[in-house]
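*Asks:*
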Amino acid sequence: MKKTLCKATAVALAASFVFSLAACNKSGGKSGSHGGKQITADTPWYDAKVIDFEPEYDKSREIEYLYSSLAGIDDDKITILTYGNYKLPTGNVNWETLDYSDYSINLLSIVDRASGNTIKTLDFNDYFDSDSTPNNAVYHDGILTVTIAKWDPVTYEMSSQEVDFNLDTMEILDTRDMGSGSQSSVNHKIGDVDITAVSHWEETNSYITLNVKTPDNSFENIEIKDEKEEIYNLAAILPMDDTKLTLILDTPTGSAFYNLDTKTGTVSKADKKDFDWLDTTLLYNAFNAADGNVYNMTPAGITKIDTKKKAEEDIFNFSWCPVSRNILTNLYIADVNDDSFILCGEVYPSVKFTQGYDWNSSNFKVIEFTKADKNPNAGKRILELFTSYGYTDDVMSEAIMNFNQTNDKYFIEVTDRYKSGVDISYDEIHSDDEESELENEYYADMSKQLTMDIINGEGPDMFLDVSHLNQLNNGNYLADLTPYVGNLDQNKYFTNIIDISKVDGKLYNLPVCFGISGIHTSAEYAGASGTGFTTEEYEKFLHDTLNGEDVIANGQAYYFTKLFNSMRDKFLSNGKVDFTGPEFAELAEFVKENVPESSRTWEEGEYGSNVVVYGGPIDEEIKKALFSTSYGFYDYFQALNQLNGANAILGIPSSDGRGPQAVPYTSISISAQAYDVDACGEFVKYLLSDDVQVKYSEMGNFVLSREAFRNTAEEAVKYFNENNINSIYGYYGDDELPDNRVKYTSEHIDTLEGIITNCSIMYAEDGEINKVLCEEMPAYFSGQKELSEVVAIAQERVQKILNERG
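In the numbering used here, the protein residues as written are 7 to 812.
1) Rounded to whole angstroms, what's the CA-CA distance from residue 516 to residue 674? Just pull it up for me.
2) When you compare only the Cα positions, how much space is there between residue 783 and residue 716?
3) Could you have a look at residue 33 and say whether DSSP puts it in helix, strand or coil?
4) Any idea which residues DSSP pairs residue 139 with across the strands?
5) Return the chain-ordered list of same chain residues with a C-beta closer than 6 Å to the C-beta of residue 51, the five sequence neighbours on each side being excluded.
6) Between which residues of its own chain and residue 113 is the CB-CB distance below 8 Å, once the five residues before and five after are set aside?
7) Around the Cβ of residue 269, are there at least 16 other Cβ atoms within 10 angstroms (buried) or fewer (exposed)?
8) For residue 468, is the classification buried or exposed, using 16 other Cβ atoms within 10 angstroms of its Cβ as the cut-off for buried?
9) Count Cβ pairs between the segment 485-500 and the segment 678-687 that sit closer than 8 Å; are there 3 or more?
10) Could you tell me the distance, in whole angstroms, from the CA atom of residue 774 to the CA atom of residue 476?
11) Using 8 Å as the cut-off, can you tell me whether the segment 405-425 makes contact with the segment 383-394, which would need three or more C-beta pairs spanning the two stretches below that distance?
12) Would you decide whether residue 667 is buried or exposed? Buried here means 16 or more other CB atoms lie within 10 Å of its CB.
13) Rounded to whole angstroms, what's the CA-CA distance from residue 116 to residue 371? Just pull it up for me.
14) Once DSSP output is grouped into helix, strand and coil, what is the label at residue 806?
15) Using CA coordinates, which residue listed in 347, 92, 305 is at the minimum distance from residue 2?
16) May I ask you to verify whether the segment 407-414 touches the segment 335-342, counting CB pairs closer than 8 Å and requiring at least 3?
17) Identify whether residue 456 lies in helix, strand or coil by the three-state DSSP scheme.
18) According to DSSP, residue 167 sits in a beta bridge with which residue or residues?
19) Quick one: what does DSSP say residue 252 is sitting in, helix, strand or coil?
20) Where residue 59 and residue 563 are concerned, what is the direct C-alpha to C-alpha distance, given to the nearest angstrom?
21) Compute the Euclidean distance between the alpha carbons of residue 657 and residue 665, then round it to the nearest angstrom.
22) Are there 16 or more other CB atoms within 10 angstroms of the CB of residue 362, so buried, or fewer, so exposed?
23) Short of 6 Å in beta carbon distance, which residues of its chain neighbour residue 340, apart from the five on each side in sequence? Order them along the chain.
24) Find the nearest neighbour of residue 197 within the set 294, 207, 704, judged by alpha-carbon distance.
25) Rounded to a whole number of angstroms, what is the C-alpha to C-alpha distance between residue 246 and residue 321?
26) Rounded to whole angstroms, what is the Cα-Cα separation between residue 227 and residue 276?
27) Using CA atoms only, rank isn't needed, just tell me which of 39, 795, 527, 551 is closest to residue 387.
28) Using 10 angstroms around the beta-carbon of residue 711, count the other beta-carbons present and answer buried if the total reaches 16, otherwise exposed.
29) Taking the continuous alpha helix (DSSP H) assigned at residue 877, which residues delimit it?
30) Tell me the rounded alpha-carbon separation between residue 527 and residue 632.
31) So for residue 773, helix, strand or coil by DSSP?
32) Closest to residue 502 by C-alpha separation, out of 747, 762, 704, would be which residue?
33) Going by the CB atoms, is the gap between residue 235 and residue 259 shorter than 8 Å?
34) Is it right to say residue 790 is buried, meaning 16 or more other beta carbons lie within 10 angstroms of its own, or is it exposed?
35) If you reduce the DSSP assignment to three classes, tell me which class residue 264 lands in.
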């Protein structure tokens, strides 16, 4: 059994801030809180009819990959294109004479819209020669337009064609050459205007061309090219008036805007400032509906783009239907009418114990939503739950639905109405220092937005995954969850994880599941504490064992904030700041004497510090140590192979040799201003239940329940030993597994359980405090000032920040 794994987006979210940063240039909540509002009979609710489409390929043959996409929908039928490959033969094969068409899957399925049954399946291999591969199909008004990629075995060049079919008879109506080279085309229909956008991917400068048809005119090969910037594709089309369309194009630096005059076929650059109101980073699923409006699918629901009002209007929240939101986030808009709409797309199954998904297996879903006459939750009050970009994983999505179905007083509605104002592209980051700088900006910006709305009574009732925003860990902003967690049995739960999550004795965030961050290496290298390193011990480890190549890749300023935050309990307590003690001085001296001023760039080294966070490929070289974060069994087992079986995770340098940090993967918190704190507390209790803890554990997460952890860990050991999941060894595809693969045993689980109990503090960052330290400490590191001078200024500035927070 061989699978290709990819980490869920949740890992990026929990790891730090990547998803939010990569897509943010607008800040602030979009509207006021819904918390406490009563649901009425006419509050929007949508019933759903789900079609699970299964293409009619040869089930007796093994599949290499398979992908389905919507071609089009009319009143009676749904047309779906499916393409892929059966598994190619292995062994002694004559590849020159092999007929690849015998292994290709190119199907068009016609599905009855009312029943969901497949009426007819057409095999495109019967319509095109073996050197032609359909890669796109669009159906409307009885015409099926198929885009095919043609391979010339003589010239070794690719070219494209569009072929129009009468869908009823499959008679060819027209054929158009689309040019050669690497390209793809997408068809758009805006009212009575048909546009085919062809993306030309060149080595030096990519661009697009347009073919435009109107009732009165036809324009071909309208070129949109910028000599200074590549243009990747056409992301969205906004109708501005009867003859003017604004085209939004994807470029390496963001979005570019062009105006198309459909009367003359001319294109001109539009002023980007005219669209400052539109968050184009989420405009990857825009749909031009027959009603003339543009609708966009976001991770939280559907918005309508109003170019006259220069605003986006929320018309559908994924909470307003009986379908799990983690399914809906994978879909795209297929049709929109007055009181109904259709979403469709591939839904990939999760791979157990990995927190990842099997991209080789999928289920194509078509879901038709119809506005209900009456909301079944009428009478309940809304509890608003904020999560970044509306994302919830499989287990959390199900937990929310279960709460909503069983609670007769309250209904949880998910919101994404806060987005960071940090607008630096993640593509512009080239080192750990630059990444840390951006993190600080993000943490400070998000904290400011959330705290302001909480104090003003306009914030959400609950928050997912904000525990890394240390500024929120304050009784003015968040409620103490201790009464809802209760006194847990340390034999049944990892109570130390809850204890280290507390701030000044209060539990503001409950880590439903968590990761472990530290120096992954052999236990023989640990300092005297057995769980970490003092600065002196790490200095010896750095120079003797690592040959001076630190696994923590930051430069001095950001390196210091890492050490500071892992010991923040020594410096920040009950609103008071104390940087005058020996612990602060010890960290500062260590950094000054052992850390370079700036981090190396990612171009200089293949990876940054934290190589295992996303569970991606790892190099084959056996290492002595990694600075890593293991979010679950898959990450930990992967690091074991990278380190030839070394199984300890130790704390980073500290004054007391403390253990590793726990890192929240999924956490829940309640606003101090929530409409009903106790009602929110009931949801917190439910997340500690066996039902939720076991499901999170089976996904591969480290959870609070020791029984769920242990049972799943034993199953994971067996699973990874028996199944060839190549990516866990740094390999993908069908490569042979390395000879030195680690055999996983119960002893690894015993060690891992011990590591969890040795975690010393919960990871959190305070962007404002980090910024102060990064601004002040370099004067000491460079020798410009004495430490006492720097401490006096930094302590005063940080104390002022805490005083202003109250």
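By construction, the Cβ of each residue, glycine as well, lies at the ideal position given by its N, Cα and C atoms.
*Replies:* Checking against the coordinates, here is how it stands:
1) Roughly 5 Å between the two C-alpha positions.
2) 44 Å
3) Confidence at residue 33 is low in this model, with a pLDDT of 40, below 50, so its placement is unreliable and the value that follows should be read with caution. DSSP places residue 33 in coil when its eight states are reduced to three.
4) 155
5) 326, 378, 381
6) Cβ within range, chain order: 61, 62, 63, 87, 88, 89, 127, 128, 129, 130.
7) exposed
8) buried
9) A contact exists between the segment 485-500 and the segment 678-687.
10) 10 Å
11) yes
12) buried
13) 14 Å
14) helix
15) This structure does not reach residue 2, given that the chain is present from 7 up to 812, and the question cannot be answered.
16) no
17) helix
18) 154, 183
19) strand
20) Taking the straight line from one Cα to the other gives about 54 Å.
21) 4 Å
22) So residue 362 counts as buried.
23) The answer, listed in chain order, is 76, 79, 348, 350.
24) 294
25) 21 Å
26) 20 Å
27) 39
28) buried
29) Because the chain is modelled from 7 through 812, residue 877 falls outside the range shown and cannot be assessed.
30) Answer to the nearest angstrom: the Cα atoms are 7 Å apart.
31) helix
32) 762
33) yes
34) Counting of Cβ neighbours within 10 angstroms places residue 790 among the exposed residues, the total staying below 16.
35) strand
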